[in-house]
Amino acid sequence: MAFEQIRKNSQAQIVLGLITGILFGFLLQKGGVTDYGVIIGQLLLTDFTVLKVMLSAVLVGMIGVYVMKVGGLVRLHTRIGSAGATVLGGLIFGAGFAVLGYCPGTAAGAVGAGALDAAIGMVGIALGAGIFARLYPRLNRSILNRGIFPAETIPQLVGVRPGIVVIVVALLIPGLLYLLEVLGF
Amino acid sequence: MTAWLSMVSWSPYIVGAGIGILIWSVFLLSDHPLGCSTAYAKTAGMVESAISRGKSEEMPYYQKFTPTIDWYWMLMVGVLIGAFLSAYLSGTFTVLIVPPVFAASFGTDPILRSFVALIGGILLGIGARWAGGCTSGHGISGTLQLSLASWVAAICFFAGGILIAGLMYGFSFI
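Protein chains in written order, with my numbering: chain A, 1 to 185; chain B, 1001 to 1174.
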């Protein structure tokens, strides 16, 4: 299969990463989510731009990825989570999200748009990743595997076919976005 | 077309749909999700290699995330370029250190903002690797695959973020 050759070609992947990044960065900036005020506005629940972008991406992405999966073109890449890793790590991430006012992707976009505080944030993120790598063996023995989740995906958890969950989520997301508009956000 | 590229902003729904389609191409052509925090772990590994020669190869974490320039690393280079192009074309490229919203509550001191940004970044880096992904890896790429861990992670990102932003700026919704 032609896709298999592209996937295995590391040079092609480097170029694809760059092109994907340029498009992603362009979209993030046009969406306004590389702006500190927009991200803080989301966390203060006064501006729902971040949620609108994310939910639209999930809606469109989910339908396409699952259609391609049925057609045998793509594989899913999910991993099992745990309370110790996913919940604890997620909350630490959330704290950093509010304190920096950007996330790892939008920080790079903010630098591109001229925000130098985001560049300092990027140095901090790399430092944080380095600290985690040093702590990893100890954390892996103690906390990360505590409270492993009962399932890898939501369809497995609920015990229904993935297609049904895709349809439910595909109906819920536009409903939620419509509700946000009605409420004036 | 040029008028469209030079618009200051696009509808968040158009932007989201664009990101969704971009992720189709990543699954198809690269066979993995789109995530931003991996590049930071790789960068940390490169620095670790440079300062303590050979040590990073022995560290278990860098055996999982090898410190090499690959798709994930180039993605971040691209994000910076893409956002610059967008801001430049719309004439909104502005160099700043203290964002106006931050300045309105905490003042215009660049040293204070830099310090806060560094602390925030460190927390983000630790949290992203601890949870196994960030807003793009878990929040978009993982949730759209209906990964349970990613939905839980995304909820925790916002729960933690709403709490700390509220403590910093006041809970405006109460």
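A virtual CB, placed ideally from N, CA and C, is assigned to each residue, including glycine.
Treat the numbers as computed from the prediction; the structure is a model and nothing was measured.
Going by CA-CA distance only, name the one from the options that's closest to residue i.
i	options	result
glycine 154/A	Ser142/A, Ile167/A and Arg146/A	It is isoleucine, not glycine, that sits at residue 154/A in the sequence shown. That would be Ile167/A, whose Cα lies nearest to the Cα of isoleucine 154/A.
serine 1086/B	Ala83/A, Gly21/A and Leu172/A	Gly21/A
valine 74/A	Gly90/A, Glu4/A, Gly124/A and Asn145/A	Glu4/A
aspartate 1070/B	Thr1043/B, Thr1094/B, Leu1089/B and Ser1052/B	Thr1043/B
alanine 118/A	Ser1009/B, Val1095/B, Gly1045/B and Ser1052/B	Val1095/B
phenylalanine 1157/B	Ser82/A, Val87/A, Met62/A and Val58/A	Val87/A
phenylalanine 1027/B	Glu181/A, Leu157/A and Gly72/A	Gly72/A
valine 160/A	Ser1172/B, Leu1146/B and Trp1151/B	Leu1146/B
tryptophan 1151/B	Ser1056/B, Thr1135/B and Gly1166/B	Thr1135/B
alanine 14/A	Asp1109/B, Thr1108/B, Leu1075/B and Thr1002/B	Rather than alanine, the amino acid found at residue 14/A in this sequence is isoleucine. Looking at the Cα atoms, Leu1075/B is the closest of the given residues.
threonine 1002/B	Asp1109/B, Val1077/B, Phe1115/B and Tyr1088/B	Tyr1088/B
By Cβ distance below 8 Å, which residues in the same chain neighbour residue i in space, the five residues on each side in sequence not counted?
i	result
leucine 176/A	Leu55
valine 1079/B	Cys1036
glycine 995/B	Nothing can be reported for residue 995/B, as the shown portion of chain B is limited to 1001 through 1174.
valine 65/A	Val74 and Leu76
isoleucine 63/A	Val166 and Ala170
serine 1178/B	Limits of chain B in this structure are 1001 at one end and 1174 at the other, which puts residue 1178/B out of reach.
isoleucine 164/A	Pro155
Is residue i helix, strand or coil by DSSP?
i	result
leucine 44/A	coil
leucine 23/A	helix
isoleucine 148/A	strand
serine 1086/B	helix
threonine 1143/B	helix
threonine 1108/B	coil
alanine 129/A	helix
threonine 1068/B	coil
alanine 85/A	helix
threonine 1043/B	helix
threonine 1002/B	helix
alanine 57/A	helix
threonine 106/A	helix
threonine 34/A	coil
leucine 1118/B	helix
leucine 1034/B	coil
threonine 49/A	helix
Since residue i contacts residue j with CB under 8 Å, what's their CB separation in whole angstroms?
i	j	result
glycine 1016/B	valine 60/A	7 Å
histidine 1138/B	alanine 1117/B	22 Å between Cβ atoms; not a contact.
leucine 127/A	isoleucine 1111/B	With 8 Å as the limit, leucine 127/A and isoleucine 1111/B do not qualify as a contact, their Cβ atoms being about 18 Å apart.
alanine 108/A	glutamine 29/A	That pair is no contact at about 11 Å.
glycine 1045/B	tyrosine 1062/B	4 Å
glycine 81/A	phenylalanine 149/A	5 Å
isoleucine 1140/B	valine 169/A	Going by Cβ atoms, the distance from isoleucine 1140/B to valine 169/A rounds to 13 Å, so no, they are not a contact pair.
leucine 1029/B	isoleucine 6/A	5 Å
glycine 1125/B	glycine 124/A	6 Å
glycine 31/A	proline 1060/B	That pair is no contact at about 37 Å.
phenylalanine 1173/B	leucine 45/A	5 Å
leucine 179/A	phenylalanine 48/A	Their Cβ separation, rounded to whole angstroms, is 10 Å, which puts leucine 179/A and phenylalanine 48/A out of contact at 8 Å.
With a threshold of 7 Å on Cβ separation, who are the neighbours of residue i within its own chain once the five nearest residues in sequence on each side are excluded?
i	result
arginine 1113/B	Ile1097, Val1098 and Phe1102
valine 50/A	Val33, Val38, Ile39 and Gln42
asparagine 140/A	none
valine 1008/B	Ser1090 and Thr1092
valine 53/A	Gly31 and Val33
glycine 147/A	Ser82, Ala83 and Gly84
Excluding the 5 residues flanking residue i on each side, which residues of the same chain have their C-beta closer than 6 Å to its C-beta?
i	result
isoleucine 143/A	Gly84
arginine 12/A	It is alanine, not arginine, that sits at residue 12/A in the sequence shown. Same-chain partners within the cutoff: Ile6.
threonine 204/A	Nothing can be reported for residue 204/A: it is not among the residues displayed for chain A, which extend from 1 to 185.
glutamate 1048/B	Ser1056
proline 162/A	Pro155
alanine 110/A	Thr34, Tyr102 and Ala118
Quiz item: Between the region 98-114 of chain A and the region 7-20 of chain A, do at least 3 Cβ pairs fall closer than 8 Å?
Solution: no
Quiz item: Is there contact between the region 1155-1172 of chain B and the region 84-93 of chain A, where contact requires at least three CB pairs shorter than 8 Å?
Solution: Short answer: they touch.
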